Ligand SMILES: C[S@@+](CC[C@H](N)C(=O)[O-])C[C@H]1O[C@@H](n2cnc3c(N)ncnc32)[C@H](O)[C@@H]1O
């Protein structure tokens, strides 16, 4: 099960009515929206389609502009207030500059009691997931040393999206990309910003791991839930949900 399938299954498991509306915030190519629609769910998406990786070409043209909308700016979700039961977001919040503003908007479009499901890495994740170099995002932005650090790992065979670039060029360009397009945050900041707008925040990395390895249950059976949550957070990302208060 991949993250798209996880989000879809999570919505299907949570929904009490057949008649729910779901928004995928930062929906990229719209995979989750399309999968939910195949299950008969009223699913929508929005995305700024930023220059750091514009997936709008992958979106089904029949959905673009109607079910999947382009955001003019990250501060405004182009849907009505209190119009969604669920908002999901997969690997988006580490790209968001104004987390407070985005969560305020997600709260606005959720119905009272509605739930936001988020999957994204915090600053303390061990592997920089976009390029696959361990701890690269721990260096200060613009640090020159980390270009050589990235190059050393690249020499050892690490790294994604190599595209026949030289080791130094790949390392320099990826570090510049990280500077411009990522905003990794410490756990305290993430929790306090979510707590400002939502309640009942619950981490479910252990549930994610069990779903992910359901075919090989032996991987999860011997690890206690707290260790499962820790492993997923350090090696993958946070997986959690929170609720919009009823009043
Ligand atoms: C790594 S991609 C993930 C896309 C999709 N959620 C998925 O799982 O395939 C990050 C996405 O976040 C979008 N994004 C970045 N900043 C955003 C923002 N402030 N508001 C909405 N979307 C944003 C990007 O355009 C991109 O589509």
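Residue numbers (our numbering): 337 to 583. The beta carbon of each residue, even a glycine, is placed where N, CA and C say it ideally should be. A quick note: this is a predicted structure, and the numbers were derived from the prediction, not measured.
In the structure shown, the three-state DSSP call for residue 449 is strand. Checking the 7 Å criterion, the Cβ of residue 401 is out of range of every heavy atom belonging to ligand 1. Ligand 1 has a heavy atom closer than 7 Å to the beta-carbon of residue 383. Where residue 486 is concerned, the enclosing alpha helix (DSSP H) starts and stops at 481-491. If you draw a 10 Å sphere on the C-beta of residue 450, you find 16 or more other C-beta atoms in it, and that means buried. A distance below 8 Å between beta-carbons, with the five flanking residues on each side excluded, links residue 496 to the following residues of its chain, in chain order: 466, 467 and 468. Residue 426 sits in a strand when the DSSP states are folded into three classes. When beta bridges are read from the DSSP output, residue 384 appears opposite no residue. Looking at 517, 519, 382 and 512, the one whose alpha-carbon comes closest to that of residue 479 is 512. Excluding the 5 residues flanking it on each side, residue 506 has same chain C-beta neighbours closer than 7 Å at 490, 495 and 498, in chain order.
In terms of Cβ geometry, residue 570 and residue 438 do not form a close pair [threshold 8 Å]. The three-state reading of DSSP puts residue 403 in coil, since its state is none of H, G, I, E or B. The closest heavy atom of ligand 1 lies less than 7 Å from the beta carbon of residue 431. In the three-state scheme derived from DSSP, where H, G and I count as helix and E and B as strand, residue 536 is classed as strand. Looking at the backbone, the Cα of residue 376 and that of residue 345 are separated by about 13 Å. In this structure residue 347 does not touch residue 456 by the C-beta definition: roughly 17 Å separates them, more than the 8 Å allowed. Judged by the Cβ position, residue 370 fails to qualify as a neighbour of ligand 1 at the 7 Å threshold, every heavy atom of the ligand being at least this far.
Counting other Cβ atoms within 10 Å of its Cβ, residue 524 stays below 16 and is therefore classed as exposed. In this structure residue 538 is exposed. Its beta-carbon is surrounded by fewer than 16 other beta-carbon atoms within 10 angstroms. Counting the other CB atoms within 10 Å of its CB gives residue 477 a total below 16, which places it among the exposed residues.
Sequence-distant Cβ neighbours of residue 380 in its own chain, meaning closer than 6 Å and more than five residues away, are 359 and 403.
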